[in-house]
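A short worksheet on the structure shown next.
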């Protein structure tokens, strides 16, 4: 990976949780529950198109890049704004990892099987 691709990948990965943090809550405040669905559709969809459709994120392997970027980015942003890293946080991270692993296994079985 060249330095240009690394910078573009870092920028694309950092932009995703930044936009989630800046816009998602406002959509929910303004539109309620449907705002969460609209956020999921527009933010994730547009960022996927930018990162993968236009090639902002360079993928060297088959791994969940945007999910990792969102998780790490939002965790760091929360910690920087005063949130605590406690048992609840650890449980959520472990459950997210288990859910991702199970989803990967099920998807693999569905595609291969």
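Numbering (our numbering), first residue to last: 30 to 142. Just so it is clear, CB atoms sit at the ideal spot from N, CA and C, and this is done for glycine as well. A quick note: this is a predicted structure, and the numbers were derived from the prediction, not measured.
Inset, instruction - Starting from the C-beta of residue 108, find all residues in its chain whose C-beta is less than 7 Å away, skip the five residues before and the five after it, and write them out in chain order. - result: In the same chain as residue 108, and ignoring 5 residues on each side of it, the C-beta atoms closer than 7 Å to its own belong to 114, in chain order.
Inset, instruction - Enumerate in chain order the residues of its own chain whose CB-to-CB distance from residue 71 is below 7 Å, with the five nearest sequence positions on each side excluded. - result: If the five residues before and after residue 71 are omitted, its C-beta is found closer than 7 Å to no C-beta atom of its own chain.
Inset, instruction - Pair every Cβ in the stretch 39-49 with every Cβ in the stretch 75-84, then say whether three or more of these pairs are closer than 8 Å. - result: Below 8 Å, enough C-beta pairs join the stretch 39-49 and the stretch 75-84 to call them touching: three or more.
Legend entry - Under the three-state DSSP convention, the category residue 85 falls into: It is coil, neither helix nor strand.
Inset, instruction - Only counting runs of 4 or more residues, tell me where the alpha helix (DSSP H) segments fall wholly within the stretch 84-136, in order along the chain. - result: With a minimum length of 4 residues, the continuous alpha helix (DSSP H) runs that stay inside the stretch 84-136 are 94-109.
Inset, instruction - Could you pull out every residue in the same chain whose Cβ sits closer than 7 Å to the Cβ of residue 49, ignoring the five residues on either side in sequence? - result: Same-chain partners within the cutoff: 72, 99, 103.
Legend entry - 8 Å Cβ cutoff met for residue 85 and residue 56: For residue 85 and residue 56, no; Cβs fall outside 8 Å.
Inset, instruction - Go through its chain and collect everything with a Cβ distance to residue 30's Cβ below 7 Å, but skip five positions before and after it. - result: Closer than 7 Å at the Cβ level, and outside the excluded window around residue 30, lie 87, 89.
Legend entry - With 16 other Cβ atoms within 10 Å as the buried cut-off, status of residue 110: Residue burial is scored here from C-beta neighbours: residue 110 has fewer than 16 other C-beta atoms within 10 angstroms and is therefore classed as exposed.
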